[in-house]
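Down below is the structure, laid out as structure tokens.
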Ligand SMILES: [Zn+2]
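Residue numbers (the numbering used here): 62 to 549.
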């Protein structure tokens, strides 16, 4: 060891003699392995601290734009660790930007923390609601935010210890589930000075995200009619629910005449109150998705025409409110390859005997073939998918503002789908929090690469510029203010 160190020193000195300082700086990759080891050890030592924060937010289970306590806890944790926090950014009370350090590079990490309505569930492997609670962390955003905060704090410590220079930012991003929180943050220019933004998502495997997302536009269509006794004077009434049903009927016929990859779904959020009263108000909430944002826009415009026709034909009036709009996800292979190496270094999640029992019971609740439990301990090879996957994310909008890279960590038992009670259950156990640490560590290591290797940022930026082409970003939700009450 000592001999090796000595010979390295001699070699290093020889390099310095042969090459001028600037050339030497460019051709010698920095050995950041010791810094990475330091970060990994430190993060592992903080497992209980971050587990506690994640489980606290799992308990809060606050839905989009109502994440007051969850956001405050993350902000306090970051402040206590030396970050400067700007809260209430982009006109959203629960959004924040936490910053530490100075100058370039500026590396950002996204944190989410909203729960889903109607999915409260105990941390047990059988379907069991929680009395008095409506929402649950069925997308694991309590883990998402906490891992991002953990990685951010780790990088702050390394900047403070002068391992490298630059700025680390943790972006507190509310209302990912349908609220398009990040779109307003992009619109407000909050990512303008960031060089690279890192993100992750809880999942059922460990992999680097090389699948895009569906662009998405959503709206609530509201029909207004006339109330009347449904039996004694139906001719005097005009049913707002008829308007909704006529719209739904037309859209269901439209499905035959839209591009194959289109996804359109709706829920009737208000269908009237009683069968013997002709409803004077009715509302339907629609999502339109497609891999290409231009197709989403044109299909959505046809939906509006159908809604106008439905109102005309039923003698009602209609107005609509755009609720969300997100871009597809721009991928970055340069950053993906860097993250993959780090994810492989960190490795997956191994279960204890009790966790294995939990996992087996949970898997028995799925009515389909599931991957082996042991796959949670493995890392998938990096693979670029040509399809856009099935989901949408407001990270898409961030990906058009700055080069981004993301990953999935196995926070759920293999086979568990997002937005299920099983996902909520896993998120309340060590299975979830152990997966969370895989993400925290991998993101921290990837950030270390970016801070210590300027060429990596340059290469990622060149790829980003090429992929984006001449597209000028335009938010799909237009210039509306954040839909702060969309969960009411
Ligand atoms: Zn999610």
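Ideal Cβ positions, reconstructed from N, Cα and C, are used throughout, including at glycine.
Three-state secondary structure assigned by DSSP to residue i
{"i": "residue 239", "result": "coil"}
{"i": "residue 68", "result": "Low confidence applies here, because residue 68 scores a pLDDT of 44, under 50, leaving its location unreliable and the question unanswered by this model."}
{"i": "residue 263", "result": "strand"}
{"i": "residue 88", "result": "At residue 88, the pLDDT of 48 sits below 50, so the modelled position is not reliable and the matter cannot be decided from this model."}
{"i": "residue 283", "result": "strand"}
{"i": "residue 398", "result": "helix"}
{"i": "residue 555", "result": "Nothing about residue 555 can be read from this structure; the chain reaches only from 62 to 549."}
{"i": "residue 546", "result": "coil"}
{"i": "residue 207", "result": "helix"}
{"i": "residue 481", "result": "coil"}
{"i": "residue 180", "result": "coil"}
{"i": "residue 414", "result": "helix"}
{"i": "residue 81", "result": "With a pLDDT of 43 at residue 81, under the threshold of 50, the predicted position of this residue should be treated as unreliable, though the coordinate-derived value follows. DSSP places residue 81 in coil when its eight states are reduced to three."}
{"i": "residue 278", "result": "strand"}
{"i": "residue 270", "result": "coil"}
{"i": "residue 439", "result": "coil"}
{"i": "residue 338", "result": "strand"}
{"i": "residue 247", "result": "helix"}
{"i": "residue 124", "result": "strand"}
{"i": "residue 258", "result": "strand"}
{"i": "residue 533", "result": "coil"}
For residue i, the first and last residue of its enclosing beta strand (DSSP E)
{"i": "residue 554", "result": "With the chain running from 62 to 549 in the structure shown, residue 554 is simply not present."}
{"i": "residue 331", "result": "324 to 331"}
{"i": "residue 379", "result": "378 to 387"}
{"i": "residue 131", "result": "Residue 131 -> not in any beta strand (DSSP E); alpha helix (DSSP H) instead, spanning 129 to 141."}
{"i": "residue 469", "result": "468 to 471"}
{"i": "residue 230", "result": "228 to 234"}
{"i": "residue 172", "result": "167 to 173"}
{"i": "residue 559", "result": "The displayed coordinates of the chain run from 62 to 549. Any statement about residue 559 would go beyond what the structure contains."}
Nearest-angstrom beta carbon gap, residue j and residue i [assumed within contact, 8 Å]
{"i": "residue 436", "j": "residue 201", "result": "Actually they are not in contact, since the Cβ atoms of residue 436 and residue 201 sit about 18 Å apart, beyond 8 Å."}
{"i": "residue 457", "j": "residue 389", "result": "5 Å"}
{"i": "residue 293", "j": "residue 475", "result": "Going by Cβ atoms, the distance from residue 293 to residue 475 rounds to 59 Å, so no, they are not a contact pair."}
{"i": "residue 325", "j": "residue 345", "result": "Actually they are not in contact, since the Cβ atoms of residue 325 and residue 345 sit about 12 Å apart, beyond 8 Å."}
{"i": "residue 340", "j": "residue 286", "result": "7 Å"}
{"i": "residue 408", "j": "residue 119", "result": "Rounded, the Cβ-Cβ distance is 24 Å, inconsistent with contact."}
{"i": "residue 270", "j": "residue 497", "result": "About 16 Å separates the two Cβ atoms, so there is no contact after all."}
{"i": "residue 228", "j": "residue 332", "result": "No, residue 228 and residue 332 are not in contact; Cβ-Cβ is about 51 Å, not under 8 Å."}
{"i": "residue 160", "j": "residue 230", "result": "5 Å"}
{"i": "residue 280", "j": "residue 384", "result": "6 Å"}
Proximity test, residue i beta-carbon vs ligand 1 heavy atom, cut-off 7 Å
{"i": "residue 262", "result": "yes"}
{"i": "residue 202", "result": "yes"}
{"i": "residue 237", "result": "yes"}
Opening and closing residue of the alpha helix (DSSP H) in which residue i lies
{"i": "residue 302", "result": "301 to 315"}
{"i": "residue 344", "result": "It is not in any alpha helix (DSSP H) - residue 344 instead sits in the beta strand (DSSP E) that spans 342 to 351."}
{"i": "residue 363", "result": "354 to 375"}
{"i": "residue 96", "result": "94 to 106"}
{"i": "residue 494", "result": "491 to 513"}
{"i": "residue 425", "result": "Taken as a continuous stretch (DSSP letters only), residue 425 belongs to no alpha helix (DSSP H), as it is neither H nor E."}
{"i": "residue 458", "result": "456 to 460"}
Proximity test, Cβ basis, 8 Å: residue i and chain D
{"i": "residue 318", "result": "Here chain D cannot be found, since the structure has a single protein chain."}
Would you say the segment 203 to 220 touches the segment 503 to 514, given that touching needs at least three Cβ pairs under 8 Å? Three or more Cβ pairs drawn from the segment 203 to 220 and the segment 503 to 514 lie within less than 8 Å of each other, which places the two stretches in contact.
Does the contact criterion of 3 or more C-beta pairs under 8 Å hold for the segment 395 to 410 versus the segment 431 to 445? The segment 395 to 410, when compared against the segment 431 to 445, does touch it at the 8 Å Cβ threshold.
If you pair each beta-carbon of the segment 309 to 320 with each one of the segment 410 to 428, do three or more pairs fall below 8 Å? No, the segment 309 to 320 is not in contact with the segment 410 to 428.
Three or more C-beta pairs under 8 Å: does that hold for the segment 170 to 179 against the segment 229 to 242? With the cut-off at 8 Å, the segment 170 to 179 and the segment 229 to 242 touch.
Hey, is the segment 531 to 545 in contact with the segment 244 to 252, meaning 3+ C-beta pairs nearer than 8 Å? Of all C-beta pairs linking the segment 531 to 545 to the segment 244 to 252, three or more are shorter than 8 Å, placing the two stretches in contact.
Determine, using beta-carbon pairs with one atom in the segment 186 to 205 and one in the segment 141 to 153, whether at least three such pairs fall under 8 Å. Flag = no, the segment 186 to 205 and the segment 141 to 153 do not touch.
At least 3 beta-carbon pairs within less than 8 Å: the segment 185 to 195 vs the segment 247 to 261: A contact is defined here as three or more CB-CB pairs under 8 Å, and the segment 185 to 195 fails this definition with respect to the segment 247 to 261.
Any contact of the segment 105 to 112 with the segment 493 to 503, i.e. 3+ C-beta pairs under 8 Å? The segment 105 to 112 and the segment 493 to 503 touch, with no fewer than 3 CB-CB distances between them shorter than 8 Å.
Can at least three beta-carbon pairs, one atom from the segment 142 to 162 and one from the segment 252 to 263, be found at a separation below 8 Å? Cβ pair count under 8 Å is below three, so no.
For the segment 361 to 369 and the segment 518 to 530, state whether three or more C-beta atom pairs, one from each stretch, are separated by less than 8 Å. Contact fails: fewer than three Cβ-Cβ distances are below 8 Å.
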